[in-house]
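See structure below.
Written out as structure tokens, the structure is:
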């Protein structure tokens with residue numbers, strides 16, 4: 003590796019946009035939604051890293067959740 007690193011924070015978007023009570027905690031109710039949040043973060047990481055160094059691909063990895071098998075696939 004070339005020693006270059008890049009940091010990207012995941013942007014949280016609540017599932018329930020109209021909660022009854024305001025709360026300071028982040029709630030994720032299922033794996034599919036977490037993966038929905040992670041995939042754009044991975045894309046931002048690849049874009050950010052490719053802006054500062056050469057990378058092997060400009061295509062970000064993606065994740066999905068198989069409901070039948072109950073596992074994450076990359």
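Numbering (the numbering used here), first residue to last: 3 to 76.
Every residue gets a Cβ at the ideal spot worked out from N, C-alpha and C, and that includes glycine.
Q) To the nearest angstrom, how far is it from the Cα of residue 58 to the Cα of residue 8? A) 15 Å
Q. What did DSSP end up calling residue 34 once you bin it into helix, strand or coil?
A. helix
Q. How big is the Cα-Cα spacing for residue 4 and residue 56?
A. 9 Å
Q.
If you follow the beta strand (DSSP E) that residue 67 is in, where does it begin and where does it stop?
A. 66 to 68
Q | Stretch-stretch touch, CB-based, cutoff 8 Å, three pairs: the segment 30 to 43 with the segment 58 to 71 | A | yes
Q.
Please report the distance separating the alpha-carbon of residue 71 from that of residue 22.
A. 34 Å
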